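Engineer: Have a look at this one.
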Amino acid sequence: MNRYFIFFFILIPLLCFSQEETETGIRLQGSKELPLELNLLVQSLQDTDPGQREFIDSIFKIDSYAKLLSKEDIFLVGKIEIYKTLLKSNAPRSAFSLDGETLKLLKDALKKAHDPFIRWFLQALLHDSDSIISSSLFKDYTLQKNNGKLEKIEYKKIDKKIQLIGRWVSKIRPEAPDFENTLKIELTPVLFESLKNIEQAYFLLAQNATQGKISYVTNIKELKFFSQQTKKQTKKAATQKEKSVEDILAPITEEAAPTETPLPEPSKEDWLNDDNAPDNLKNLPKPSDDADWLQDI
């Protein structure tokens with residue numbers, strides 16, 4: 003009889019703990035030791051509830067593998083997997099041309115967006131679109147494109163970037179009342195795929211670093227790079243005053259008066275600006291002019 007009592011005393015807390023960690027109301031937040039993009043992705047995915055058990059399982063594994071990696075690998079691989087998945091995930095449905103109307107559309111969309119990852123994504127698309135249009139090569143590129151032949155590698159590189167941007171811009175309809183929800187429906191499976199790709203990439207690096215000996219996180223208290231977000235933290239984040247749309251767009255549109263501490267642009271090069279990134283990953287050099295890196299996407 004005593005054995006049964008001991009069994010129940012052990013089993014009941016375990017069951018309660020398991021239920022707590024798979025509860026749909028649980029929220030996790032990433033630390034500054036992770037790429038900004040990954041933290042925004044995690045925050046956004048939890049708002050759509052992609053499948054709580056599978057989501058938490060991925061977070062536990064990512065945390066387990068990240069403990070065995072350098073900060074440089076954590077940031078670089080995390081960012082690359084997110085960008086790669088975003089750029090490869092959407093085939094264009096129709097011909098796309100980049101012009102001033104594209105910038106206006108993205109600005110309008112940013113004004114209506116609230117989801118953290120969508121706001122970051124729109125800012126990145128706006129920054130990249132503006133950079134292409136402002137390029138000294140854009141006018142000649144447009145002339146050659148209209149003539150049906152791109153002769154220089156620089157123009158082919160611009161054309162490939164425009165195609166990649168157009169895959170998502172063509173889906174953005176800020177005039178629609180449910181535009182953000184529609185865009186998020188498109189993005190959610192891509193974000194979850196990004197999370198799984200990061201998990202797999204970190205696993206391969208961790209396995210190589212430890213010859214396959216990996217200690218796995220089994221509960222929230224063991225997490226190093228993530229933590230449970232309390233109700234107080236959630237409420238504080240929800241009530242925190244956001245910067246105005248004009249402040250966000252100022253670095254690109256120059257419509258707002260300069261401030262003492264202007265909001266950083268999404269990136270100086272290819273969306274990779276992150277204050278918490280290792281120093282050797284900040285302001286990475288541009289890809290080579292042969293544009294081979296674009297041919298794989």
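For reference, each letter of the sequence shown is one residue, going 3 to 299 in our numbering. Beta carbons: idealized from backbone N, C-alpha and C, even for Gly. If you're wondering where the values come from, they're calculated on a predicted model, not measured in any experiment.
#1: Considering only heavy atoms of the ligand GTP, does any lie closer than 7 angstroms to the CB of ASP49?
#2: Measuring CA to CA, which of LEU207, ILE216, PHE205, ILE200 is closest to LEU43?
#3: Going by beta carbon distance, what residues of the same chain come within less than 7 angstroms of THR50, once the five residues before and after it are set aside?
#4: Among LYS81, LEU89, LEU108, GLU56, which residue has its Cα nearest to the Cα of GLU177?
#5: So what's PHE77 in DSSP terms, helix, strand or just coil?
#6: Please state the DSSP three-state secondary structure of GLN45.
#7: Any contact of the region 80-88 with the region 221-228, i.e. 3+ C-beta pairs under 8 angstroms?
#8: Let me make sure I understand the geometry here. Which of SER46, PHE77, ARG29 has the alpha-carbon closest to that of TYR204?
#9: Can you round the beta-carbon distance between TRP170 and LEU127 to whole angstroms, since I take them to be within the 8 angstroms contact cut?
#10: Roughly how many angstroms separate the alpha carbons of LEU112 and GLN165, rounded to a whole number?
#11: Just how far apart, CA to CA, sit SER172 and PHE181?
#12: Using only CA atoms, which one of GLN231, SER229, GLN230, SER217 lies nearest to LYS69?
#13: Note the first and the last residue of the continuous beta strand (DSSP E) segment covering GLN31.
#14: Taking DSSP as the reference, what is the three-state secondary structure of GLU35?
#15: For the beta strand (DSSP E) that PHE228 lies in, which residues bound it at each end?
#16: Inspect the beta-carbon positions of LEU100 and SER131 and report whether they are closer than 8 angstroms.
#17: Under the rule that 16 or more other beta-carbon atoms within 10 Å means buried, what is ARG121, buried or exposed?
#18: For GLU195, which residues from the same chain have a beta carbon less than 6 angstroms from its beta carbon, with the 5 sequence-adjacent residues on both sides left out?
#19: Using the rule of at least 16 other Cβ atoms within 10 Å of the residue's Cβ for burial, across every protein chain shown, is ILE64 buried or exposed?
#20: May I ask which residues mark the beginning and end of the alpha helix (DSSP H) holding GLU188?
#21: What first and last residue would you give for the alpha helix (DSSP H) that runs through VAL171?
#22: Sorted by chain position, which residues of the same chain lie with C-beta nearer than 8 angstroms to PHE140's C-beta, five sequence neighbours on each side aside?
#23: Which first and last residues belong to the alpha helix (DSSP H) in which SER136 is found?
#24: Near LEU197, what residues of its chain come up, given a Cβ to Cβ distance below 6 angstroms and the 5 sequence neighbours on each side ignored?
Structural biologist: If we stick to the structure as given:
#1: For the ligand GTP, the structure offers nothing, since it holds no ligand at all.
#2: Residue mapping note: residue 43 aligns to position 41 of the sequence shown, counting from 1. Ranking the options by Cα distance to LEU43, first place goes to ILE200.
#3: Against the sequence shown, residue 50 aligns to sequence position 48. Here the set comprises LYS186, THR190.
#4: In the sequence shown, residue 177 corresponds to position 175, counting from 1. With distances taken between Cα atoms, GLU177 lies closest to LEU108.
#5: Numbered from 1 along the sequence shown, position 75 holds the residue referred to as residue 77. In the structure shown, PHE77 sits in a helix (DSSP, three-state: H, G or I).
#6: In the sequence shown, counting from the first residue as 1, residue 45 sits at position 43. Correct three-state label for GLN45: helix.
#7: no
#8: Locating residue 204 in the sequence shown gives position 202, counting from the first residue. The shortest C-alpha separation from TYR204 is found at PHE77.
#9: Residue numbering aside, residue 170 sits at position 168 when the sequence shown is read from its first letter. Residue numbering aside, residue 127 sits at position 125 when the sequence shown is read from its first letter. Sure, about 6 angstroms apart at Cβ, within 8 angstroms.
#10: Translated into positions along the sequence shown, residue 112 becomes position 110. Translated into positions along the sequence shown, residue 165 becomes position 163. Distance between the alpha carbons of LEU112 and GLN165: 21 angstroms.
#11: In the sequence shown, residue 172 corresponds to position 170, counting from 1. In the sequence shown, residue 181 corresponds to position 179, counting from 1. If you take the alpha carbons of SER172 and PHE181, they lie about 12 angstroms apart.
#12: Walking along the sequence shown from the start, residue 69 turns up at place 67. The residue with the shortest Cα to Cα distance from LYS69 is SER217.
#13: Translated into positions along the sequence shown, residue 31 becomes position 29. First-last of the beta strand (DSSP E) with GLN31: 30-32.
#14: Along the sequence shown, read from residue 1 onward, the residue named residue 35 stands at position 33. Residue state, collapsed to three classes: coil.
#15: Within the sequence shown, numbered from 1, the residue matching residue 228 stands at position 226. It spans 228-230 - the beta strand (DSSP E) in which PHE228 sits, taken as one unbroken run.
#16: Start at 1 with the first residue of the sequence shown, and residue 100 comes out as number 98. Start at 1 with the first residue of the sequence shown, and residue 131 comes out as number 129. Against a cut-off of 8 angstroms, the Cβ pair of SER131 and LEU100 comes out as a contact.
#17: For the purposes of this step, residue 121 is taken as the residue at position 119 of the sequence shown. Classification for ARG121: buried.
#18: If you number the sequence shown from 1, residue 195 lands on position 193. Closer than 6 angstroms at Cβ, skipping near neighbours: THR87.
#19: Walking along the sequence shown from the start, residue 64 turns up at place 62. It is buried - the Cβ of ILE64 has at least 16 other Cβ atoms within 10 Å.
#20: Counting from 1 along the sequence shown, the entry for residue 188 is found at position 186. Residues 181-212.
#21: In the sequence shown, residue 171 corresponds to position 169, counting from 1. Element bounds for VAL171: 155-171.
#22: Taking the sequence shown and counting its residues from 1, the one referred to as residue 140 is at position 138. Same-chain partners within the cutoff: ILE134, ILE160.
#23: What you label residue 136 is simply residue 134 of the sequence shown in a count that begins at 1. Here the alpha helix (DSSP H) through SER136 covers 118-136.
#24: As a working mapping, residue 197 is identified with position 195 in the sequence shown. Result list for LEU197: SER60, in chain order.
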